[in-house]
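**Student:**
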Amino acid sequence: MARHLFTAMLTAGALVGLLGSSSGARAEPPSSEEIVNAFEAVLGPIRTSRPSHAKGTCAAGHFTATPEGTRLSVAPVFNGQRVATVIRFGVGVGNPAGPDTGRTTRGLSIRFEMPSGDTWDMANISAPIFGSPTPEALVAGLLARRPDPATGQPNPQAVAAFVAANPATTLQARWLAATLPPASWATTPYWGVNAFRFQGADGEVRHARWVFEPAAGTQRLTEEETRTKPASFLADELRQRVARAPVEFDMVLQFPAPGDDVTNPTIAWPDDRPRAVVGRLVVTEVAPGPGGACDPISFLQLDMAPGVTYSEDPTLHARTGAYAVSLSRRLQ
C-alpha cells in the first residue's frame, strides 16, 4: 500500500521524481547512497525492478539527425548518420504489475549506440515538468512518506508539512491529474524536462530542452477507457502497431528566452519559444515479451561532451550517481 501511494508522487521519471526545495535543506546535497536508501525506506529493497517506471517493454530502432541537428550540436549522434538505438517504454508505477491506465507518467528511455562504441543515454517522460526543482529535499520528502510500522501508511501530517514547505513538488501531480493518460506509447510526447547545453558547429553554446513528438499525433484514453481498458495493454498495442509500420518521433529542441529559468525543471518554458527539429527516432522492433536488451541499462549517461553537456540544473548532477547505485543493487 505504501508503494502504491508513493508511486503517485514518483512520476518525474527515474530516481529524481520527488526532488524539491526545503526550508530545512542541508548545505550539502544528499549522496547517491542516501537517495537510494531513502527510496528503499518507502518502497522496500530495490532488488528486482526500477523504483520508478518499474513496468516496461524493450524495443529497438534507429535515430538520424536532421541538418539542423548537425548545425546545433557537434556530438556524434547528430552527425547525420543512422545511429542504432536500444529503447525502453515504461509506465510510471513502482510495481511491474501496476496498471497502464493510471494518471502517472509514461517513459521513453533511449540508448544511442555510435559505430565508434560510444553511447549516449537519456530518460524522458510524458509530462513537461519534473516533480520538484532541486535534490536537497529528496531524502526528507521520501522519509516523510515512510509507512508507519503500526498502520502501514505514511503519517499524513508529515506528508502535509513537507508539501506545504515545498509547493513546487505538487505541480507535476496537478498536471497529470488534469491530463488523460496516453492511448499508446506511440501517441504521447516525451519531454527531457531538464535543460542541457548544446555546442553547435559554429562554436556557440546554447541552452535547450528537448521533446520527442509522436509522428502519429497525440492520442489519449477517454475517461471511460481509463476504467475499462485492461491493466496491461500498452505493450501488445505497441507490438501490433510496429508490426504494421515503424513508430516515429521527431526530436525537437526548445530554446529559452532571456529570463527563462534553465535550472528549475518544474517550470515549463512558454510554447512560443524558438524550436528546431534536430532528428527522428524510428522504432522498428518490440521485444516479444518481458526482458530484453534494455533491462540491464539504467540510461544514466546523460551527456555527450562537447556537443551535449549538463546545464546548471542540480537535478541532472544528482541523477547519474543515484541511477548507478540503484542498478548495482538490482544486479547483486
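According to mature numbering (1 follows the signal peptide of the UniProt record, and there is no 0), the sequence shown holds residues -27 to -1, 1 to 305 in order.
No residue lacks a Cβ here, since even glycine has one placed at the ideal position from N, Cα and C.
The structure presented is a predicted model; accordingly, all values stated were derived computationally and were not measured.
(1) Between the stretch 198 to 209 and the stretch 237 to 253, do three or more beta carbon pairs fall short of 8 Å?
(2) CA-CA distance, T142 and A168?
(3) In or out: S89 buried (at least 16 other Cβ within 10 Å) or exposed?
(4) Beta-carbon within less than 7 Å of P279's beta-carbon, same chain only, minus the 5 sequence neighbours each way: which residues are those?
(5) If we ignore side chains and look at the alpha-carbon of each, how far apart do P247 and F51 end up?
(6) In the structure shown, what three-state DSSP assignment does Q192 receive?
(7) Using only the alpha-carbon positions, how far apart do S82 and A266 sit?
(8) Do V15 and R79 have their C-beta atoms within less than 7 Å of each other?
(9) From the DSSP secondary-structure annotation, give me the bridge partner or partners of K28.
(10) Going by the beta-carbon positions, is the gap between R44 and A174 smaller than 7 Å?
(11) Run through the DSSP bridge pairs and tell me what M95 is partnered with.
(12) For Q213, count neighbouring C-beta atoms within 10 Å of its own C-beta (all shown protein chains included) and say buried if the count is 16 or more, exposed if not.
(13) Is it buried or exposed, D121, if we count other Cβ atoms within 10 angstroms and call 16 or more buried?
**Tutor:** In brief:
(1) Cβ pair count under 8 Å is below three, so no.
(2) T142 and A168 have their C-alpha atoms spaced approximately 18 Å apart.
(3) Taking every protein chain shown into account, the CB of S89 has fewer than 16 other CB atoms within 10 angstroms, so this residue is exposed.
(4) Taken in chain order, the residues that qualify are V47 and Q172.
(5) So the two alpha carbons sit approximately 19 Å from each other.
(6) In this structure, Q192 counts as coil in the three-state DSSP scheme.
(7) For S82 and A266, the distance between alpha carbons rounds to 12 Å.
(8) Result no, Cβ atoms of V15 and R79 do not sit closer than 7 Å.
(9) In the DSSP output, where bridge partners are listed per residue, K28 has V64.
(10) A contact, by the Cβ cut-off of 7 Å.
(11) Partner(s): I83.
(12) Classification for Q213: exposed.
(13) That one is exposed.
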